[in-house]
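All remarks here apply to the structure that follows.
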Amino acid sequence: GAGVSQSPSNKVTEKGKDVELRCDPISGHTALYWYRQSLGQGLEFLIYFQGNSAPDKSGLPSDRFSAERTGGSVSTLTIQRTQQEDSAVYLCASGVDEQYFGPGTRLTVT
Amino acid sequence: GENVEQHPSTLSVQEGDSAVIKCTYSDSASNYFPWYKQELGKRPQLIIDIRSNVGEKKDQRIAVTLNKTAKHFSLHITETQPEDSAVYFCAATDSWGKLQFGAGTQVVVTP
Numbered sequence: 009g010a011g012v013s014q015s016p017s018n019k020v021t022e023k024g025k026d027v028e029l030r031c032d033p034i035s036g037h038t039a040l041y042w043y044r045q046s047l048g049q050g051l052e053f054l055i056y057f058q059g060n061s062a063p064d065k066s067g068l069p070s071d072r073f074s075a076e077r078t079g080g081s082v083s084t085l086t087i088q089r090t091q092q093e094d095s096a097v098y099l100c101a102s103g104v105d106e107q108y109f110g111p112g113t114r115l116t117v118t
Numbered sequence: 005g006e007n008v009e010q011h012p013s014t015l016s017v018q019e020g021d022s023a024v025i026k027c028t029y030s031d032s033a034s035n036y037f038p039w040y041k042q043e044l045g046k047r048p049q050l051i052i053d054i055r056s057n058v059g060e061k062k063d064q065r066i067a068v069t070l071n072k073t074a075k076h077f078s079l080h081i082t083e084t085q086p087e088d089s090a091v092y093f094c095a096a097t098d099s100w101g102k103l104q105f106g107a108g109t110q111v112v113v114t115p
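Chains Z and R supply the protein sequences, listed in that same order. Here my numbering = 1-based position in the first sequence + 8. Here my numbering = 1-based position in the second sequence + 4.
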């Protein structure tokens with residue numbers, strides 16, 4: 009079946025612009041995570057959605073970052089007023105117990 | 005909340021030898037412990053997992069052991085091959101079901 013998909017695969021934006029990253033989880037998966045991974049680094053937790061519960065936003069690095077999950081399915085991560093330090097690969101994962109990662113969006117802020 | 009520590013951060017092994025990566029966790033309510041492999045430029049892939057009612061699980065050349073009393077779990081790779089070179093991440097669920105990852109181990113298998 010279809011796996012987790014993310015779009016776009018690559019995004020280049022100018023400093024100060026807003027960007028939206030999309031995640032399409034596997035159908036029926038109640039949990040959805042966003043992570044950020046800089047080159048050669050680990051998985052930095054950003055936000056966690058679980059069913060209808062309030063999301064765990066404890067990993068969002070600043071108020072420029074926000075995310076929503078509509079209808080318990082698709083999720084959008086929004087970064088406002090992008091900075092160069094936001095450049096990274098943004099990974100989405102979905103699952104019930106086992107978590108499956110999407111291919112990621114590589115964000116470059118120039 | 006859950007805190008997962010992973011050691012070593014880098015591991016270099018000769019082809020054919022075994023590799024062992026160890027993780028500790030803090031939340032005694034944790035009950036699910038997956039391991040992910042991330043090759044360069046790729047997404048993390050789930051390679052094996054273990055649940056708290058099992059002490060050991062094996063899948064071909066990889067095995068995971070769990071010691072709930074000591075709150076640690078380990079990944080064992082036997083007869084390592086060059087294609088085992090990757091970054092490996094351990095993880096544990098906290099009492100809310102949220103996955104917490106370790107910092108990762110860079111494994112390099114030299115011919």
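Beta carbons: idealized from backbone N, C-alpha and C, even for Gly. Source: prediction; values computed, not measured.
- Residues of the stretch 87-102 of chain R whose Cβ lies closer than 7 Å to any Cβ of chain Z, in chain order: Phe93, Gly101, Lys102.
- Near chain Z, meaning a CB-to-CB distance below 7 Å, the residues of the stretch 41-52 of chain R are Arg47, Pro48, Leu50.
- According to DSSP, residue pairing for leucine 51/Z in a beta bridge does not occur.
- Not one beta carbon of chain R lies nearer than 9 Å to the beta carbon of alanine 75/Z.
- With a cut-off of 8 Å on Cβ pairs, the stretch 69-85 of chain R is in contact with the stretch 15-24 of chain R, counting three or more such pairs.
- In the structure shown, the three-state DSSP call for glutamate 9/R is strand.
- Sixteen is the threshold: when 16 or more other Cβ atoms of the shown chains lie within 10 Å of the Cβ of proline 38/R, as they do, the residue is buried.
- Counting only residues of its own chain and dropping the five nearest sequence neighbours on each side, leucine 44/R has a CB closer than 8 Å to the CB of Ala90.
- Between the C-alpha atoms of tyrosine 40/R and glutamate 22/Z there is a straight-line separation of about 33 Å.
- Assigned with DSSP and collapsed to three states, glutamine 64/R falls in coil, not helix or strand.
- DSSP places proline 86/R within a helical segment (H, G or I) once states are collapsed to three.
- Distance from the CA of alanine 75/Z to the CA of glutamine 18/R, rounded to the nearest whole angstrom, comes to 44 Å.
- The beta-bridge partner set that DSSP reports for histidine 80/R consists of Val24/R, Ala67/R.
- Residue pairing by DSSP puts glutamine 104/R in a beta bridge opposite Ala96/R.
- Glycine 110/Z sits in coil when the DSSP states are folded into three classes, being neither helix nor strand.
- Scanning Pro111/Z, Tyr98/Z, Ser83/Z, Arg72/Z for the CA closest to the CA of aspartate 26/Z turns up Arg72/Z.
- Residue pairing from DSSP leaves valine 58/R without any beta-bridge partner.
- If you check the CB distance, glutamine 88/Z and alanine 39/Z do not come in under 9 Å.
- A direct Cα-Cα distance of roughly 13 Å separates glutamine 92/Z from lysine 19/Z.
- Boundaries of the beta strand (DSSP E) harbouring aspartate 32/Z: 27-32, taken from the DSSP string.
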